[in-house]
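A.B. asks: Chains as they are written, first to last, in full-length UniProt numbering: chain D, 1 to 428; chain E, 1 to 428.
Number of protein chains: 2
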Amino acid sequence: MSSIDTTLSPLFAKIDELKPQFIQRLTDAVAIPSVSSDETLRPKVFAMADFLKEELTKLGADDITIKDLGVQPPPDGKLIGRGSTDDKGPVMGWLNSLQAHKELGLELPVNIVFCFEGMEESGSIGLDTLIAQEAKKYFKEVESVCISDNYWLGTKKPVLTYGLRGCNYYQIIIKGPGADLHSGIFGGVIHEPMTDLVNVMSKLVDINGNILIPGVNEMVAPVTEKEASLYKDIEFDVDELNLAAGSNTAIYQNKKDILMHRWRFPSLSLHGIEGAFSGAGAKTVIPSKVVGKFSIRTVPDMDSKKLDELVINFCNEKFKELKSPNQFTTELIHDGAYWVSDPFNNEFTAAKLATEKVWGIEPDLTREGGSIPITLTFEKELGANVLLLPMGKGDDGAHSINEKLNIPNYIEGTKTLSAYLHYYGATK
Amino acid sequence: MSSIDTTLSPLFAKIDELKPQFIQRLTDAVAIPSVSSDETLRPKVFAMADFLKEELTKLGADDITIKDLGVQPPPDGKLIGRGSTDDKGPVMGWLNSLQAHKELGLELPVNIVFCFEGMEESGSIGLDTLIAQEAKKYFKEVESVCISDNYWLGTKKPVLTYGLRGCNYYQIIIKGPGADLHSGIFGGVIHEPMTDLVNVMSKLVDINGNILIPGVNEMVAPVTEKEASLYKDIEFDVDELNLAAGSNTAIYQNKKDILMHRWRFPSLSLHGIEGAFSGAGAKTVIPSKVVGKFSIRTVPDMDSKKLDELVINFCNEKFKELKSPNQFTTELIHDGAYWVSDPFNNEFTAAKLATEKVWGIEPDLTREGGSIPITLTFEKELGANVLLLPMGKGDDGAHSINEKLNIPNYIEGTKTLSAYLHYYGATK
């Protein structure tokens with residue numbers, strides 16, 4: 001056995017031994033409804049922070065209190081609950097690793113600085129500034145950043161993620177009457193903001209996901225032959241996509257098209273309308289002010305500012321064509337940059353070894369369709385390499401009602417994080 | 001003085017004397033949040049019924065309790081509150097009239113049967129059946145029906161209403177993925193139900209309110225010369241419309257076009273979308289199931305069933321053109337028929353005299369754009385003439401947040417209802 005193997009063997013055994021405690025730890029964490037996108041739950045984000053503080057404190061002692069807060073692992077080996085895979089599972093994985101080291105009396109191979117943030121679903125406002133402020137203080141001498149905020153591409157094979165799409169989120173605001181009106185009295189005699197909005201929104205994207213705003217697709221980096229050849233070895237097929245989506249409504253039927261459109265082409269989604277009737281049943285309202293929401297996932301080499309200009313000008317133009325007397329504005333309300341890294345640096349190499357050690361298979365090198373804007377901030381502000389090391393599977397349903405984390409992914413994921421520390425430490 | 005004048009003079013004086021009590025009665029009624037379209041407030045609909053029962057009981061005694069429930073008349077002569085003009089003001093008007101008669105020891109000139117219903121905003125489900133069931137029982141020998149559920153056309157001149165549009169309410173249901181998805185992971189690779197929905201909804205009506213569904217406009221009764229000539233004497237202009245709408249977003253600038261499009265042409269309004277993101281801020285969701293809501297205001301001689309067929313076939317056809325794999329359904333969820341009466345029968349003649357007596361001006365004979373489907377049910381089931389006798393003004397903002405009733409309309413309206421009873425009684 002190599003020296004790292006000598007270390008990892010008892011460490012992995014300890015992790016297996018502690019499995020019930022680790023499951024309870026995540027159960028407790030998920031039971032805190034710290035969903036930042038729901039403003040009424042914001043105090044729970046603080047509660048979650050308190051929980052982490054307490055757990056970390058406890059890792060210096062043996063008196064870990066087990067609490068039953070009602071979220072129990074079901075018998076089929078899944079931990080179900082909002083936040084289980086994104087992002088409490090991986091966060092607990094780091095705590096679990098500390099505990100395993102502690103109980104074995106094993107020294108950590110590297111110094112660790114943690115940064116836990118609870119407002120990612122609400123745009124992580126303030127985090128960029130904090131990282132910049134703390135770059136030479138709290139984050140002083142950090143050489144490498146590992147972000148736990150992604151998942152395997154599918155359900156069968158682990159991956160390492162070296163790229164993310166960005167996201168520019170827009171809203172179209174249309175104001176007409178001074179207040180909501182009754183469609184019996186005003187229907188047919190005034191210009192209705194909803195009619196204008198639906199008209200403009202229908203011109204942004206076609207049914208096959210093609211963005212119809214001129215100039216947007218032209219900013220996308222061309223596909224090189226080398227890149228095109230990378231897709232064929234990746235473990236993925238349309239069935240994986242359909243399984244994760246819960247439907248057979250894929251636009252593309254072959255792996256390469258699916259992955260390219262998820263990773264390296266932009267997409268435009270219409271998310272909804274604020275101010276219109278959104279309840280069940282029949283309400284005969286003419287909404288006076290409606291706000292259409294849509295976002296564009298961005299990729300290299302799109303320029304965020306130029307994109308805003310193209311989008312806003314296009315919406316203005318389409319509205320102008322309608323000759324409606326209503327008031328019209330389009331605005332960017334949030335943007336996060338895309339990110340692409342070198343998948344062959346020390347961090348990715350150590351992560352690859354760790355993943356192989358735990359899962360017995362070489363991970364696929366993938367990109368992701370989602371956005372983690374803070375990735376770029378860490379890279380720029382700390383001058384550090386960033387690694388995304390996933391724990392959960394592609395069908396975990398992050399952010400959705402039935403979000404889950406499979407217990408094997410939680411436990412083996414804890415081992416992967418632990419092994420990564422040792423492999424990365426060995427490069428120093 | 002005629003004998004009716006001899007009666008009305010002390011009756012009107014009594015109504016003026018009771019004004020503070022009448023205002024308090026409506027204040028108390030409006031303070032009960034009996035908004036049936038909000039399901040959580042349904043118990044308050046029962047509370048409102050209890051209130052009416054109690055008030056009516058009290059009208060046989062002198063011990064009227066005054067309650068302060070926090071909704072007070074502001075100093076500018078308006079009673080502001082949801083339900084003030086639609087429909088608690090007119091309902092209290094009837095109670096006020098009973099009280100004035102009672103306090104004067106004046107016998108009512110006709111027998112009155114009341115029917116109070118609290119679910120009109122939710123389609124008055126069950127009321128049709130009830131009226132049919134009670135036609136020969138509770139409603140036995142009712143010769144004339146007076147409905148208190150409309151307003152003046154504008155703000156300056158009282159009206160009598162002899163026609164109403166109907167309303168067919170539809171929803172388009174589009175189902176895609178098994179659950180809401182993250183637009184980062186699935187944006188660009190699956191067919192999004194919102195894209196389909198916005199596309200189909202954009203094809204129903206143009207920006208000038210023209211219905212784009214073939215065959216619909218062809219069912220509308222042609223405008224006769226006689227009808228065309230009726231509009232010029234009606235007190236109304238585009239400024240009244242703009243004032244009521246709180247904007248300068250009228251489609252038509254002249255009285256005749258506005259009134260015809262409000263009263264005798266159909267209109268199509270897009271009300272909203274259920275299932276999509278409808279909150280403030282940015283949420284990057286791909287909604288899995290979206291339900292688009294729209295309704296068509298119907299007029300003579302549209303056939304409701306044929307309209308359903310045209311609408312549903314058109315939506316199906318437009319969706320089919322998209323070649324989307326998502327599941328698509330369009331359905332009627334509520335319909336109410338239009339209604340037109342003879343504005344020169346006994347009821348309208350008595351109402352005209354009553355209005356002239358109180359307001360000193362001949363009322364305009366108008367139709368309304370809204371729907372009161374129960375009008376037709378009363379007419380058919382009881383074989384009775386139906387009169388719509390309005391109390392409030394056209395800018396009262398029925399169903400909206402700042403709904404109001406001007407105090408003069410409330411008090412003079414109470415007199416109008418009272419006088420109507422006497423003029424109508426004199427025809428018997």
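Each residue gets a CB set at the ideal place from its N, CA and C atoms; glycine is no exception.
Model, not experiment: these values are computed from the prediction.
Less than 8 Å separating the beta-carbons of residue 96 (chain E) and residue 388 (chain E)?
C.D. replies: no
A.B. asks: One question on the structure: do residue 188 (chain D) and residue 261 (chain E) come within less than 8 Å of each other, judged by their Cβ atoms?
C.D. replies: yes
A.B. asks: Whole angstroms are fine: how far does the CA of residue 153 (chain D) sit from the CA of residue 315 (chain D)?
C.D. replies: A straight-line Cα-Cα distance of about 34 Å links residue 315 (chain D) and residue 153 (chain D).
A.B. asks: Whole angstroms are fine: how far does the CA of residue 391 (chain E) sit from the CA of residue 257 (chain E)?
C.D. replies: 25 Å
A.B. asks: Please return the same chain residues whose Cβ sits closer than 7 Å to the Cβ of residue 350 (chain E), not counting the five positions on each side in sequence.
C.D. replies: 420, 423, 424, 427
A.B. asks: Got a sec: is the Cβ-Cβ distance from residue 141 (chain D) to anything in chain E below 8 Å?
C.D. replies: no
A.B. asks: Just to confirm, are residue 144 (chain E) and residue 347 (chain E) a CB contact at a threshold of 8 Å?
C.D. replies: yes
A.B. asks: Using DSSP bridges, identify the partner residues of residue 359 (chain E).
C.D. replies: Bridge partners of residue 359 (chain E): none, in fact.
A.B. asks: Comparing C-alpha positions only, which one of D:275, D:301, D:181, D:197 sits nearest to residue 218 (chain D)?
C.D. replies: D:301
A.B. asks: Looking at C-alpha atoms only, which residue of E:24, E:296, E:122 is the closest neighbour of residue 35 (chain E)?
C.D. replies: E:122
A.B. asks: Three or more C-beta pairs closer than 8 Å, one from the segment 363–377 of chain D and one from the segment 319–338 of chain D: is that the case here?
C.D. replies: Contact annotation: the segment 363–377 of chain D touches the segment 319–338 of chain D, with at least three C-beta pairs closer than 8 Å.
A.B. asks: For residue 334 (chain E), return the contacting residues in chain D, with the cut-off set at a CB-CB distance below 7 Å.
C.D. replies: 282
A.B. asks: Along the chain, where does the beta strand (DSSP E) containing residue 24 (chain D) start, and where does it finish?
C.D. replies: From DSSP, residue 24 (chain D) is part of no beta strand (DSSP E) but of the alpha helix (DSSP H) over 19–30.
A.B. asks: Looking at residue 155 (chain E) and residue 360 (chain E), is the spacing between their C-beta atoms short of 8 Å?
C.D. replies: no
A.B. asks: Restricting to runs no shorter than 3 residues, where is the beta strand (DSSP E) found entirely within the segment 327–354 of chain E?
C.D. replies: Within the segment 327–354 of chain E, the complete beta strand (DSSP E) segments at least 3 residues long are 327–336, listed from N- to C-terminus.
A.B. asks: Against chain E, which members of the segment 160–171 of chain D pass a CB distance test of less than 7 Å?
C.D. replies: Against chain E - using a Cβ distance shorter than 7 Å - the residues of the segment 160–171 of chain D are 165, 167, 169.
A.B. asks: Under a CB-based cut-off of 8 Å, is residue 179 (chain E) close to chain D?
C.D. replies: Yes, because at least one Cβ of chain D sits closer than 8 Å to the Cβ of residue 179 (chain E).
A.B. asks: Start and end of the alpha helix (DSSP H) containing residue 166 (chain E)?
C.D. replies: Careful: residue 166 (chain E) lies outside any alpha helix (DSSP H), inside the beta strand (DSSP E) at 166–175.
A.B. asks: Grouping DSSP H, G and I as helix and E and B as strand, with all else coil, what is residue 364 (chain E)?
C.D. replies: strand
A.B. asks: Tell me which same chain residues have a C-beta within less than 7 Å of the C-beta of residue 88 (chain D), skipping the five on either side of it?
C.D. replies: The residues are 26, 29, 30.
A.B. asks: According to the Cβ coordinates, are residue 329 (chain E) and residue 159 (chain E) closer than 8 Å?
C.D. replies: Between residue 329 (chain E) and residue 159 (chain E), the CB-CB gap reaches or exceeds 8 Å.
A.B. asks: Write down every uninterrupted run of the alpha helix (DSSP H) in the UniProt domain "Peptidase M20 dimerisation" (167–321) of chain D whose length is 4 residues or greater and which is fully enclosed by it, in chain order.
C.D. replies: 183–186, 193–201, 225–230, 238–245, 255–263
A.B. asks: Can you tell me whether residue 40 (chain D) is buried or exposed, with buried defined as 16 or more other CB within 10 angstroms of its CB?
C.D. replies: exposed
A.B. asks: Quick one: measure Cβ to Cβ for residue 414 (chain D) and residue 114 (chain D), integer angstroms, because I've assumed they're closer than 8 Å.
C.D. replies: With 8 Å as the limit, residue 414 (chain D) and residue 114 (chain D) do not qualify as a contact, their Cβ atoms being about 15 Å apart.
A.B. asks: Let me know the secondary structure DSSP gives residue 404 (chain E) once reduced to three states.
C.D. replies: strand
A.B. asks: Give the single residue among E:290, E:383, E:104 whose Cα lies nearest to the Cα of residue 429 (chain E).
C.D. replies: Nothing in the structure corresponds to residue 429 (chain E), since chain E is present only between 1 and 428.
A.B. asks: What does the alpha-carbon distance come out to for the pair residue 163 (chain D) and residue 184 (chain E)?
C.D. replies: 12 Å
A.B. asks: Which residues of chain E have a Cβ atom closer than 9 Å to the Cβ of residue 262 (chain D), listed in chain order?
C.D. replies: 184, 185, 186, 187, 188, 189
A.B. asks: In the segment 10–32 of chain D, which residues sit with their C-beta less than 8 Å from some C-beta in chain E, listed in chain order?
C.D. replies: none
A.B. asks: Pull up the distance between the alpha-carbon of residue 205 (chain E) and that of residue 175 (chain D), whole angstroms please.
C.D. replies: 18 Å
A.B. asks: Please go through the same chain and pick out, in chain order, the residues whose beta-carbon is closer than 6 Å to the beta-carbon of residue 90 (chain E), but skip the five residues on each side of it.
C.D. replies: 148, 391
A.B. asks: According to the neighbour-count rule (16 or more other Cβ atoms, all chains shown, within 10 Å of its Cβ), is residue 170 (chain E) buried or exposed?
C.D. replies: Buried, by the Cβ-count rule.
A.B. asks: Residues of chain D with CB under 8 Å from residue 42 (chain E), in chain order?
C.D. replies: None at all; the shortest Cβ gap to chain D is about 13 Å.
A.B. asks: What three-state label does DSSP hand residue 91 (chain E) in the structure shown?
C.D. replies: Per DSSP, reduced to three states, the secondary structure at residue 91 (chain E) is helical.
A.B. asks: When DSSP builds the beta bridges, which residues end up paired with residue 386 (chain D)?
C.D. replies: D:145
A.B. asks: Apart from the five residues just before and just after residue 244 (chain D), which ones in its own chain have a Cβ nearer than 6 Å to its Cβ?
C.D. replies: So the list reads 394, 395, once near-sequence residues are dropped.
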